[in-house]
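In the working numbering, each residue's number is its place in the sequence shown (first place is 1) plus 15.
Beta carbons are placed, not taken as given, at the ideal position from N, Cα and C, and that holds for glycine.
On a predicted model such as this, the values are computed, not experimentally measured, just so you know.
Report on one structure; see the data block that follows.
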Amino acid sequence: MTTQASNAVAAVMLRLRHWVERGHLRRLDAAFASFVTGLDCTAGSALPVAAALLSRMESRGHTFLPLVALAELDSVRFGWPPELRDEIAALRSELPDGVEGWIAALGTSPILLWVEQQNAQDLGQPLVLEGARLYLRRFWRDERVVARAVQERCAAPDSVDASLVRAWIDRLFEPERGRAVGGAAAGPDWQRIACALALRGRLTVITGGPGTGKTYTAARLLALLFAMSPAPERLRVALAAPTGKAAARLRQSIDRSLTELQARLGDAMDLALLTRRIGGAQTLHALLGSQPDLRRFRHHAGNQLDVDVVIVDEASMIHLEMMAALLQAIAPQARLVLLGDKDQLASVEPGAVLGSLCAGADAGRYRAETVSWLLNATGETIPPALTKPSGEVAGPGDGAASGQALATLVSQQTVMLRRSRRFDGPIGELAQAVNVGTDPLEPARLIAGDTSGALWRPAGSVHASVINEVAVNGRPGADACYRNYCQIIAGGPGNGSREAHARWVRAVLEAFDRFRVLCAVREGPWGVEDLNQAIERALERAGQLRTGGAAWYPGRPVMVTRNDRALGVFNGDVGMTLPAHDSKAGLKVHFLDGDTLRSVSVARLSQIETAYAMTVHKSQGSEFEHTLLVLPARAGSQLLSRELVYTGITRARKALSLVAETESALAMAVSRAARG
């Protein structure tokens, strides 16, 4: 490296460290830039900047860095404040010009695999340049694994007798379900379509908002697979979700739907046998066989799962690395069904896989042969607006054509459920307005005009008293609050029998789950940590709890923050601290998984936190009768996004309260996509 180049690199590293000190980059970003530059003795100033910003993008949930973002040093994409504008302009003047300039500057580095370069050698380089995208190697590898697996699973539809499918679908679905809303035509029954498509392919994606019937559809899908199987008594089914609570809810919902369906079908099908063929719902980590201190799962391409069907709920929470592991662990002949809401927050880890798979779900893009088969198999007619123009690329190719071809293949196995049976009122309208995001002020107008389903209150500096009042006592039109579960605790377990104690514990947990405070951030006056303390003190002042200044007390709700398979608790599980039935056993934390109660001594739980308030991210997979959503305007506001607000709103079943620092906080969040 020449003295001039060395000085340029040193100057750039100094600027990056200065940005770290001011909070515009993480220490890890600058450290990675320094590490990468140390591997390349020819490095110029372009490499450390690219490495730091690639690391920055990874922290914001992206799997790659677009070179156009490098060329422009787009402050919005990197989450930088306006006051950094002059410094960004000065840095840009020292760097390559345009995308081609960046490719030329980076492409010669020996630590970078340039995929398009003639005779490129894969020597395990830590960075990969493909097209105009710069990757960390592991994300590039995982993206290729996912793309290849998806293409193989969607490439050739199975040959299925459409008339036999139609006969069973007509029996499994209630007549006219989903066909009309208020007497008006509502288009095709997408639940029937989803079940039929699942028979044609080895991958099916079913997306839709809360109340659209994803698990209702999954239960009938399983019944259809059972009915069409040549050996139903040998059908092996696995249910999974990213969190333990979501997995338990999936199994509970499917069991309930199958029980209702059995009552309607009578002797036409033995769904009790199907229920026995379904394994217990698990977290994805448990399904794949996580191993302590190892990134590798027990089940992988060389030791695949012994199942015929895998149904995964809350798939929006699955990050890229987990999706790659899941696809490799499922045998090619087995079916994978992904359920999830494409508009919810993605995983905090890089890679919004469900969102990418569902990129064309709104538009449908069904081929003529798919439309024809669905008509024969379900009697449903796909609207012309949701069909694919005949002139588009239909087969595999290179570059953009290859991406378009893969998107078309995935579209044939993707169904968007478009009618919500839960959110027809103010909460549904609000969620839709947030999701569309065309007018950031529209959600605020909707809330301001309604006092039953939703409450809007800019709180400013008095936010703690506003939040505490709603948390302790509820509000008009929404009486679910923490007072409810505290009163049940005060009533005690009754006659002292084990059965009475179990009923009491269950009642406490169910009452607590009627209400929750959801936050955008963890720290600061609007964050989880401060609000948990404030709500705890407010409940004690109101005489609802007696903590005695102790860390553990009856009525303390806790969330598990790390998986512990030995104890049977997993990250995201929420339990309640209560006396054990045997008074000598002291306090235990009780968990409710579906209908099953379990408990763990407080002395054995170390990775936990109080859970009156939780982040919106942690709430995914849960629903509450009354949800209090808290939005800051400044502290951590870069985390506010349309997807976060939508996810928070749709956790509410009957009532939503929204408390914000300023009137503009909601509009600001709606105007910003999570991973734009």
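Beta strand (DSSP E) segment containing residue i, residue limits
| i | result |
| --- | --- |
| alanine 628 | 628-630 |
| glycine 281 | Counting along the chain, glycine 281 falls outside any beta strand (DSSP E), and DSSP gives it neither H nor E. |
| leucine 432 | 429-432 |
| valine 615 | 611-616 |
| glycine 223 | 218-223 |
6 Å CB neighbourhood of residue i in its chain, flanking five on each side removed
| i | result |
| --- | --- |
| methionine 72 | Leu80 |
| alanine 595 | Lys603 |
| glutamate 640 | Ala495, Arg529, Arg668 and Lys669 |
| arginine 613 | Phe606 |
| arginine 32 | Ala45 |
| alanine 479 | Ala549 |
| valine 584 | Val575 |
| arginine 350 | Arg217 and Val324 |
| alanine 23 | Ser60 |
| histidine 314 | Leu303, Gly304, Leu320 and Ala344 |
Delimiting residues of the alpha helix (DSSP H) encompassing residue i
| i | result |
| --- | --- |
| tyrosine 231 | 229-243 |
| phenylalanine 606 | Where phenylalanine 606 is concerned, there is no enclosing alpha helix (DSSP H), although the beta strand (DSSP E) it sits in stretches over 602-608. |
| phenylalanine 188 | Run containing phenylalanine 188: none; DSSP gives neither H nor E here. |
| cysteine 210 | 205-215 |
| proline 504 | Correcting the residue type first, residue 504 is isoleucine in the shown sequence and not proline. Residues 497-506. |
| arginine 750 | Any answer about residue 750 is impossible in this case: the structure gives the chain only from 16 up to 691. |
| arginine 521 | 513-527 |
| alanine 684 | 679-685 |
| glycine 539 | Where glycine 539 is concerned, there is no enclosing alpha helix (DSSP H), given that its DSSP letter is neither H nor E. |
| arginine 42 | 42-54 |
Nearest-angstrom beta carbon gap, residue j and residue i [assumed within contact, 8 Å]
| i | j | result |
| --- | --- | --- |
| tryptophan 567 | valine 617 | 5 Å |
| valine 487 | alanine 557 | 5 Å |
| arginine 207 | threonine 393 | 5 Å |
| valine 631 | threonine 662 | 5 Å |
| valine 252 | isoleucine 221 | At roughly 16 Å, the Cβ-Cβ gap does not stay under 8 Å, so valine 252 and isoleucine 221 are not in contact. |
| alanine 238 | leucine 273 | 7 Å |
| leucine 320 | alanine 255 | Not confirmed; about 10 Å, so no contact. |
| lysine 229 | aspartate 588 | Actually they do not touch by this definition, with Cβ atoms about 22 Å apart. |
| methionine 338 | valine 368 | 4 Å |
Beta bridge counterpart(s) of residue i as assigned by DSSP
| i | result |
| --- | --- |
| glutamate 624 | Met574 |
| isoleucine 442 | DSSP lists no partner for isoleucine 442. |
| leucine 142 | Leu127 and Leu151 |
| isoleucine 293 | Val252 |
| tyrosine 381 | Thr402 |
| arginine 778 | Residue 778 lies beyond the range of the chain shown here (16 to 691); nothing can be said about it. |
| arginine 490 | Ala493 |
| threonine 298 | Ala256 |
Neighbourhood of residue i by C-beta, 7 Å cutoff - its chain only, sequence neighbours within 5 removed
| i | result |
| --- | --- |
| valine 27 | Ser60, Pro63 and Val64 |
| isoleucine 623 | Val573, Met574, Val575 and Thr576 |
| leucine 582 | Val615 and Arg619 |
| tryptophan 117 | Ala61, Leu82, Leu85, Ala86 and Pro111 |
| serine 305 | Phe312 |
| leucine 212 | Thr219, Gln428 and Val430 |
| cysteine 723 | A question about residue 723 goes unanswered here, because the residues of the chain that appear run from 16 up to 691. |
| histidine 543 | It should be pointed out that residue 543 corresponds to valine in this sequence rather than to histidine. Same-chain partners within the cutoff: Cys534, Arg537, Ala628, Met629 and Thr630. |
| tyrosine 500 | Val523, Ala526 and Phe527 |
| alanine 378 | Leu401 |
| serine 637 | Lys260 and Arg666 |
| leucine 29 | none |
| valine 449 | Pro458, Arg657, Val660, Tyr661, Ile664 and Val685 |
| leucine 554 | Val487, Tyr497, Cys501 and Leu560 |
Cutoff 8 Å; reference residue i; Cβ partners in own chain excluding five residues on either side
| i | result |
| --- | --- |
| methionine 243 | Val175, Leu179, Val180, Trp183 and Leu214 |
| alanine 650 | In this prediction, alanine 650 scores a pLDDT of 44, lower than 50, which makes its location untrustworthy; the coordinate-derived value is nonetheless stated afterwards. Here the set comprises Val536, Glu538, Gly539, Pro540, Trp541 and Gly542. |
Residue i Cβ short of 6 Å to the ligand FMN heavy atom set
| i | result |
| --- | --- |
| glutamine 348 | Among the components modelled here there is no ligand, and therefore nothing to report on the ligand FMN. |
Beta carbon proximity, residue i to chain D, threshold 7 Å
| i | result |
| --- | --- |
| glycine 539 | Judged by its chain identifiers, the structure shown contains no chain D, having just a single protein chain. |
Exercise. Whole beta strand (DSSP E) runs in the region 72-128 with 3 or more residues, listed along the chain?
Worked result: As far as the region 72-128 is concerned, its whole beta strand (DSSP E) runs of at least 3 residues are 79-81.
For this session: Any chance you could list the beta strand (DSSP E) runs of at least 3 consecutive residues sitting entirely within the region 631-672, in chain order?
Result: The beta strand (DSSP E) runs lying completely inside the region 631-672 and spanning 3 residues or more are 639-646, given in chain order.
For this session: Mind listing, in chain order, the continuous beta strand (DSSP E) runs of no fewer than 3 residues lying wholly within the region 302-379?
Result: The DSSP assignment places complete beta strand (DSSP E) segments of no fewer than 3 residues inside the region 302-379 at 324-327 and 350-355, in order along the chain.
For this session: Pick out the complete beta strand (DSSP E) segments inside the region 547-597, 3 residues or longer, and give them in chain order.
Result: The qualifying runs are 572-575 and 589-594.
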